[in-house]
Amino acid sequence: MSAKNTLDSLEVVPTGAALGAEIRGVDLSAPMPEEVKDALRDAWTEHLVLLFRDQEMTEEQHLDATRIFGEAVVPAAKAYYDKAGKQQTWAAKYPEITVVHNLDDDGNPVQQNESLGSGEVVWHNDNSYAEKPPAGSMLYGRRLPPSGGNTCFSNQYTAYETLPEDVKQKIEGKTAVHDASRNSAGTLRPGVKLPTKPSEVPGPHHPLVCTHPESGRRALYLGRRRAYPSQYIDDMEEGESEALLDFLWEHACRDELVWAHVWRLGDVLLWDNRCTMHYREPHAGTHPRLMHRTQIEGAQPV
Ligand code: OGA
Ligand code: MN
Numbered sequence: 099m100s101a102k103n104t105l106d107s108l109e110v111v112p113t114g115a116a117l118g119a120e121i122r123g124v125d126l127s128a129p130m131p132e133e134v135k136d137a138l139r140d141a142w143t144e145h146l147v148l149l150f151r152d153q154e155m156t157e158e159q160h161l162d163a164t165r166i167f168g169e170a171v172v173p174a175a176k177a178y179y180d181k182a183g184k185q186q187t188w189a190a191k192y193p194e195i196t197v198v199h200n201l202d203d204d205g206n207p208v209q210q211n212e213s214l215g216s217g218e219v220v221w222h223n224d225n226s227y228a229e230k231p232p233a234g235s236m237l238y239g240r241r242l243p244p245s246g247g248n249t250c251f252s253n254q255y256t257a258y259e260t261l262p263e264d265v266k267q268k269i270e271g272k273t274a275v276h277d278a279s280r281n282s283a284g285t286l287r288p289g290v291k292l293p294t295k296p297s298e299v300p301g302p303h304h305p306l307v308c309t310h311p312e313s314g315r316r317a318l319y320l321g322r323r324r325a326y327p328s329q330y331i332d333d334m335e336e337g338e339s340e341a342l343l344d345f346l347w348e349h350a351c352r353d354e355l356v357w358a359h360v361w362r363l364g365d366v367l368l369w370d371n372r373c374t375m376h377y378r379e380p381h382a383g384t385h386p387r388l389m390h391r392t393q394i395e396g397a398q399p400v
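Numbering (my numbering), first residue to last: 99 to 400.
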């Protein structure tokens, strides 16, 4: 076997789509020299989503691999589940690892559960309902259905750059609310009530256009499409805000901005949560799908 984790072994192979690159010659479970870590961080900044194939990691190794790119943090959603006494979406002993799965309490595949189930997961930035959303996530496929459940990514730098000038002007300096009451599968979090008016919406107000702290480039930052009042643009009348949000969402998820990843066992995906959104296609729900996800500490979007 040829040596891995050297600058010579490292290959960065762009997907050819609007974002994403496959990294070859890297074993995330083995020690990583500092110069290779630097090269991986550079590749991440340049390609926004990195794919590592044929990986085999323990929880500790997954956390170490995550830490190449920043601090591994405990996800913001955990507090809701802890409060409701629901534990099964966290790996035992590793609160930084979320188990994203479609199993019921008996371990059988189902359509809906307390995790992301088997259905469609709408376009979103992870945890945008937090004051400091994660900079990125590393998702490791451990059990996969025979087909379906592809994870798709959309380039939000390009989304911003290709907006019509008048729309850029309309959203300049504007913020929007990011409702914390539901997860990305649209399920109301345990112990939380659905807001019925703006004053009831829990969650931060983030700029619609954010500057990436590493690249210095501007990206659209939309979070999740929720009906009024769970998403609205501040200081804008409801009708105008809804129409503008509809336009922005349609623009931000266009096919030409998207790369769809078809999973293989042992795949690891690392995405930048500050300049990409992601979406999961549904799958039949007749087979287990189980992933381990870590998240990288982020800053307040500006
Ligand atoms: C996530 C997520 C999609 C998937 O873990 O944040 O959106 O493909 N997952 O499971
Ligand atoms: Mn997600």
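Note that the Cβ used here is the ideal one computed from N, Cα and C, for glycine as well.
From the DSSP secondary-structure annotation, give me the bridge partner or partners of residue i.
i	result
R372	DSSP lists no partner for R372.
N253	T374
P112	A119
Y192	A189
C308	A317
Could you round the C-beta distance between residue i and residue j to whole angstroms and report it? I think they count as a contact, below 8 Å.
i	j	result
R362	H199	No, R362 and H199 are not in contact; Cβ-Cβ is about 18 Å, not under 8 Å.
P207	G396	Going by Cβ atoms, the distance from P207 to G396 rounds to 32 Å, so no, they are not a contact pair.
L355	N281	Going by Cβ atoms, the distance from L355 to N281 rounds to 24 Å, so no, they are not a contact pair.
L108	V366	No, L108 and V366 are not in contact; Cβ-Cβ is about 15 Å, not under 8 Å.
G364	D162	With 8 Å as the limit, G364 and D162 do not qualify as a contact, their Cβ atoms being about 17 Å apart.
M236	L117	Actually they are not in contact, since the Cβ atoms of M236 and L117 sit about 16 Å apart, beyond 8 Å.
D224	Q393	7 Å
With DSSP run on the structure shown, which of helix, strand or coil describes residue i?
i	result
R391	strand
F150	strand
E270	coil
R139	helix
Y258	helix
A382	coil
Y238	strand
Y178	helix
V171	strand
T104	coil
V134	helix
V124	coil
W361	coil
V400	coil
L161	helix
V219	strand
P293	coil
L343	helix
Taking the alpha-carbon positions, what's the residue i to residue j distance?
i	j	result
L408	M334	Nothing can be reported for residue 408, as the shown portion of the chain is limited to 99 through 400.
V307	K268	11 Å
E270	R315	15 Å
G215	L138	32 Å
A175	R122	33 Å
P131	I166	10 Å
L286	L148	31 Å
M99	V110	Low confidence applies to M99: its pLDDT is 49, below 50, so where it sits in the model is not reliable enough to give any reading.
V171	D370	15 Å
S213	V197	8 Å
K102	R372	29 Å
Q210	K191	25 Å
I331	Q398	18 Å
L242	H145	25 Å
A233	G205	31 Å
Give every residue of the same chain whose Cβ lies closer than 8 Å to the Cβ of residue i, excluding the five residues on either side of it in the sequence, and list them in chain order.
i	result
Y326	E336, S339, E340
K295	P327
G284	V220
E218	Y377, R378, E379, P380
I195	E157, H160, L161, W188, A189, H390, R391, T392
T104	G123, P131, V134
Within its chain, find whatever has a CB closer than 7 Å to the CB of residue i; leave out the 5 residues flanking it on each side and keep chain order.
i	result
A358	N248, C250
V299	V275, D277, P293, P327, S328
R240	L388, M389, H390
A257	L318, H349, A350, L355
Short of 6 Å in beta carbon distance, which residues of its chain neighbour residue i, apart from the five on each side in sequence? Order them along the chain.
i	result
K181	G289
P112	A119
S313	T143
A228	A174
S226	H276, G321
A115	W357
E259	none
Cβ of residue i versus every heavy atom of ligand 3: is any distance shorter than 7 Å?
i	result
R391	Ligands in the displayed structure: ligand 1 and ligand 2; ligand 3 is not one of them.
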